[in-house]
Amino acid sequence: MPDVATALAQVKAAQQQHDAFPPSKQRDYLKWMLEAKREDARAKRIAQAVEWLAEGGPRHWKYPSC
15 MPDVATALAQ
25 VKAAQQQHDA
35 FPPSKQRDYL
45 KWMLEAKRED
55 ARAKRIAQAV
65 EWLAEGGPRH
75 WKYPSC
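Mapping of the sequence shown onto this note's numbering: residues 15 to 80, in sequence order.
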């Protein structure tokens, strides 16, 4: 989890969006990032999540009908 906090702290827009989400959406992102088994997969998910958060979208924002 320190990796996630560090990544969010580096991109202010992502940190602000994450903080604005309700706890359920914050948990959704965190669970998705941390359930990756390999370290390289986890790092890729963290980078992807920071990008999505900086754009202002929830985790499933590309698939709104899901």
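Beta carbons: idealized from backbone N, C-alpha and C, even for Gly.
Query, Result
"First and last residue of the alpha helix (DSSP H) that includes ARG59?", "53-69"
"For GLY71, which of VAL18, ASP17, ASP33 and THR20 has the nearest alpha-carbon?", "ASP33"
"Check this for me: beta carbons of VAL25 and MET47, under 8 Å apart or not?", "no"
"What does a CB cutoff of less than 6 Å around ALA63 pick up in its chain, not counting 5 residues either side in sequence?", "TYR43 and MET47"
"Alpha carbon to alpha carbon, how far is GLN31 from ASP54?", "25 Å"
"Please state if the CB of ARG41 and the CB of ALA114 are separated by a distance shorter than 8 Å.", "Since the displayed the chain opens at 15 and closes at 80, residue 114 lies outside it and no answer follows."
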